[in-house]
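This report concerns only the one structure given below.
Protein chains: 2
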Amino acid sequence: MSKFNIKDIALKAGVSKTAVSFAFNNPARLSEKTLNHILAIAEELGYSPNPVARSMTSGKTGAIGLLVPQSIDLIIRNPNFPEFLEGIGEVCTRSGLSLMLVPPLKGSMRRAIENTAVDGFLTLGLEEEKSTMKVVQQCRVPFVTVDSDPIDGVPAINVDNAGGASQSMKYLLEMGHRHIAILAIRSGKQGHYKEYVGTLGERIQGYLKVLAEQGLTINGHSVRLLECVSSEEGGAEGFQTVWHSRNRPTAVIAMSDIIAIGAMKAAQDQGLHIPEDLSFVGFDDIMQANLIRPALTTVSQPSTEKGRQAADLLVKLIDSSVEAEHILLPTQLVIRESVCPPRKK
Amino acid sequence: MSKFNIKDIALKAGVSKTAVSFAFNNPARLSEKTLNHILAIAEELGYSPNPVARSMTSGKTGAIGLLVPQSIDLIIRNPNFPEFLEGIGEVCTRSGLSLMLVPPLKGSMRRAIENTAVDGFLTLGLEEEKSTMKVVQQCRVPFVTVDSDPIDGVPAINVDNAGGASQSMKYLLEMGHRHIAILAIRSGKQGHYKEYVGTLGERIQGYLKVLAEQGLTINGHSVRLLECVSSEEGGAEGFQTVWHSRNRPTAVIAMSDIIAIGAMKAAQDQGLHIPEDLSFVGFDDIMQANLIRPALTTVSQPSTEKGRQAADLLVKLIDSSVEAEHILLPTQLVIRESVCPPRKK
DNA sequence: TTGTACGCGTTATCAA
DNA sequence: TTGATAACGCGTACAA
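Protein sequences, first through last, are from chains A and B. The numbering used here applies: residue 18 is where the first sequence begins, and numbers increase by one. The numbering used here applies: residue 18 is where the second sequence begins, and numbers increase by one.
Set out below in structure tokens:
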């Protein structure tokens, strides 16, 4: 600690606390002589105003918080996350803000919110019980949610998950696939996809809509759904399960690229030719999607733009209230090499 | 804002501020009846203690700061950075801390430090003038430096840049290369490599040491040094310059993988065969190094471990003072496919 | 330029 | 044991 406080400096300089405060915040109000004198003493003792005390009266901290649903070390492994941070970072630079990464505290998002001193929060993929939402709404600082089901009165940035999912499923159907395995991200809902919420819910709705147009639904036979851990291992397991079941699919559509890639690798290990023996579609367009061979057809989302817009909105909200917008950013099917029509039987 | 403060709650509940405070911090000291009464009121009004005011007396914020030398959006593009964050994140999870990313404020690291309320700082690649160092030392909170020249009395985590650089240069020399271009990271020192400090300085020292063992030095002819922006474009430019000069090198050793990769791509665009026409070595072992073809021979460093150890040390420092250690983590040459002996003339 | 009240909690001390 | 009163931490705003 700069072991000294404003009183110490005032004492040593033989002036009042106010004078010391002015020296830092309003130099014009001091005579040049006392100003220099005070600054010299401060410099000598290594004094600078305590930022906590300062925030106390100013009501500002100079930081925004990003609430993440998992621990920092987990979330950072998500390849989209750094891109998202990049967008936020641009706004931070422009506005001179720091960025606090705030994981749940002892398992509770609510506790984390209540204990964190920032000028505003961005929430990422928040899927919490109502009580947390109440905290959000009556909170002392503005919020912008990202990737969650929008809350009334709270600005939200989302990407068109449903649209992207629709496009990708439509593409498979147009290629002629009718035996499709959906590898979902583990949700804690044991495959009861009708209960999916948030990002997951939107994606499944996108699939269902297009399936319905063909008179199809997730029936456990021609179209089935299986939950996997969102990792390469999870994808590999998912592949094993669907491939060794009755009624093999001709295409696998995964709700994350990492699952798709794990499944693809497992398929290739088994000697399958992709896409001739089995087609694959992912979601996210992470870097590896374009590096694996065959390159993975997937749905891309503007992660950086998402971060930028969310932070932009939050900054606006912080220094003036604007009305709550709900922004939807586009997603896009990126067609690469992992899909072809199914073999004729 | 939870528009209410402790006084409001005390008033509504018909108790004193103390009672309200106890309800949150020391429930045992209240009768069950008043406790529940107070909590009910608090819940109803959506009250929770103001974290800033709380930090004021507790002296704790529940967060550590990571001082980064550039803006967040720039630093996040460094592929090693997320790995580094992962290590820090693990410690944050264990200790229930948030992580504040703190870029320079209006260009000044010092200002950023002085305005940030955290329980301790990690600094990454800090290469600042003395004045900042003084701030660091007399600061109100503990510091751990990472990737900078160690400061007396301040714990430091570094990787063995010199050792890694030596290994990689030695490898080139052993393969028979004597015409070598060093692509350095732009330093603001116009290629005056003797003035390099920090990571850059250590790496250049590593090169020089091994060169000296062969009676070589950076002489502008057989061994030359050129600064590039650390990006693919920068590497591409670097390649063009050295390739179209008199006395073409037989090997390029870059101080970052991203430079090496940019240079490699430019060389391949020009129709060169790597490594037969030109050998390449990088530094960092980013993911792309192992994906590009031919795979890049480079020096790997334990980024995650670096973050973990640094954060670990900081946390220890925060809740008890331990003596300042200077830890050096190993680096390792990863031999892949981008180097072969030079052609005989 | 200075004195003083204030912001918002926490905590030591004191009273019932 | 339970609760209240008052001081405290550090800087800022405003009247003097």
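Just so it is clear, CB atoms sit at the ideal spot from N, CA and C, and this is done for glycine as well.
Pairs of beta-carbons, one from the region 234 to 254 of chain B and one from the region 270 to 283 of chain B, closer than 8 Å: are there three or more? yes
Start and end of the beta strand (DSSP E) containing V161(B)? Looking up residue 161(B) in the second sequence gives position 144. Looking at the DSSP string, the run of the beta strand (DSSP E) that includes V161(B) is F160 to V163.
Which chain B residues are close to P68(A), counting only those with a beta carbon under 8 Å from its beta carbon? The sequence position of residue 68(A) within the first sequence is 51, counting from 1. Under the 8 Å cutoff, chain B gives E131, N132, T133 and A134.
Contact list for R94(A) against chain B, beta-carbon separation under 9 Å: Residue mapping note: residue 94(A) aligns to position 77 of the first sequence, counting from 1. Those within 9 Å of R94(A) in chain B are P99 and E103.
Whole alpha helix (DSSP H) elements within the region 89 to 119 of chain B, 4-residue minimum: 89 to 92 and 97 to 112
Selection of the region 315 to 339 of chain B by Cβ proximity to chain A, strictly under 8 Å: none
Out of I130(A), G82(A) and N97(A), point me to the one whose CA is closest to M304(A)'s CA. The residue labelled residue 304(A) in the question sits at position 287 within the first sequence. Among I130(A), G82(A) and N97(A), the Cα nearest to that of M304(A) belongs to N97(A).
Among residues of its own chain, excluding the 5 on either side of M18(A), which ones have a beta-carbon nearer than 8 Å to its beta-carbon? Locating residue 18(A) in the first sequence gives position 1, where the first residue counts as 1. Caution is warranted here: a pLDDT of 47 is assigned to M18(A), below 50, making its placement in the model unreliable, and the coordinate value is therefore given only provisionally. Closer than 8 Å at the Cβ level, and outside the excluded window around M18(A), lies no residue.
Pick helix, strand or coil for F1(B), following the three-state DSSP scheme. In this structure chain B extends from 18 to 362, so residue 1(B) is not present and cannot be described.
Any chain A beta carbon closer than 8 Å to D90(B): Taking the first residue of the second sequence as position 1, residue 90(B) is located at position 73. Yes, contact with chain A.
Does DSSP put D136(A) in a helix, in a strand, or in coil? Stepping through the first sequence from its first residue, residue 136(A) is reached at position 119. In the structure shown, D136(A) sits in coil (DSSP, three-state: anything other than H, G, I, E or B).
What does A30(A) reach in chain B if we use C-beta pairs closer than 9 Å? One-based indexing of the first sequence puts residue 30(A) at position 13. Going along chain B, no residue has its Cβ under 9 Å from A30(A), so there is no contact; the nearest lies around 18 Å.
Sorted by chain position, which residues of the same chain lie with C-beta nearer than 6 Å to A182(B)'s C-beta, five sequence neighbours on each side aside? Working through the second sequence from its first residue, we reach residue 182(B) at position 165. Around A182(B): R220, G223 and Y224.
Per DSSP, what are the beta-bridge partners of L242(B) in this structure? Position 225 of the second sequence, counted from the start, is the residue given in the question as residue 242(B). I199(B), per the DSSP bridge assignment.
Starting from L346(B), trace the beta strand (DSSP E) both ways and give me its first and last residue. Counting from one through the second sequence, the residue named residue 346(B) turns up at place 329. Where L346(B) is concerned, the enclosing beta strand (DSSP E) stretches over H343 to L346.
Does the Cβ-Cβ distance between L228(B) and A268(B) come in under 8 Å? One-based indexing of the second sequence puts residue 228(B) at position 211. One-based indexing of the second sequence puts residue 268(B) at position 251. Their beta carbons are not under 8 Å apart, which means L228(B) does not touch A268(B) by this criterion.
Start and end of the alpha helix (DSSP H) containing V227(A)? Residue mapping note: residue 227(A) aligns to position 210 of the first sequence, counting from 1. Its alpha helix (DSSP H) spans residues G215 to E230.
Along chain A, which residues have their Cβ under 7 Å away from the Cβ of E107(B)? The residue given as residue 107(B) occupies position 90 in the second sequence. Chain A residues near E107(B): D90.
Tell me the rounded alpha-carbon separation between E293(B) and L233(A). Along the second sequence, read from residue 1 onward, the residue named residue 293(B) stands at position 276. Along the first sequence, read from residue 1 onward, the residue named residue 233(A) stands at position 216. C-alpha separation (whole angstroms): 56 Å.
Would you report the Cα separation of I26(B) and Y64(B), rounded to the nearest angstrom? The residue given as residue 26(B) occupies position 9 in the second sequence. The residue given as residue 64(B) occupies position 47 in the second sequence. Cα-Cα distance, rounded: 8 Å.
So is V119(B) in contact with chain A if we call contact Cβ pairs under 8 Å? For the purposes of this step, residue 119(B) is identified with residue 102 of the second sequence, where counting begins at 1. Yes, V119(B) counts as interfacial toward chain A.
Helix, strand or coil for T74(A), going by three-state DSSP, please let me know. Residue numbering aside, residue 74(A) sits at position 57 when the first sequence is read from its first letter. Helix.
Short of 7 Å in beta carbon distance, which residues of its chain neighbour R46(A), apart from the five on each side in sequence? Order them along the chain. By one-based count along the first sequence, residue 46(A) stands at place 29. Around R46(A): F39.
Pair every Cβ in the region 113 to 124 of chain A with every Cβ in the region 161 to 175 of chain A, then say whether three or more of these pairs are closer than 8 Å. no
Using a Cβ cut-off of 9 Å, which residues of the region 225 to 237 of chain B contact any Cβ in chain A, in chain order? none
Hey, does M1(A) have any beta-carbon neighbour from chain B nearer than 8 Å? The first residue shown for chain A is 18 and the last is 362, placing residue 1(A) beyond what the model contains.
Between M281(A) and chain B, is any beta-carbon pair separated by less than 8 Å? Looking up residue 281(A) in the first sequence gives position 264. No, M281(A) lies away from the interface with chain B (no Cβ there is under 8 Å from its Cβ).
Beta carbon proximity, L350(B) to chain A, threshold 8 Å: Along the second sequence, one-based indexing puts residue 350(B) at 333. It does not: the Cβ of L350(B) has no partner Cβ on chain A nearer than 8 Å.
If you measure from the beta carbon of T110(A) to each beta carbon in chain B, is any gap under 8 Å? Residue 110(A) sits at position 93 when you count from the first residue of the first sequence. Taking Cβ atoms only, chain B reaches closer than 8 Å to T110(A), which makes this a yes.
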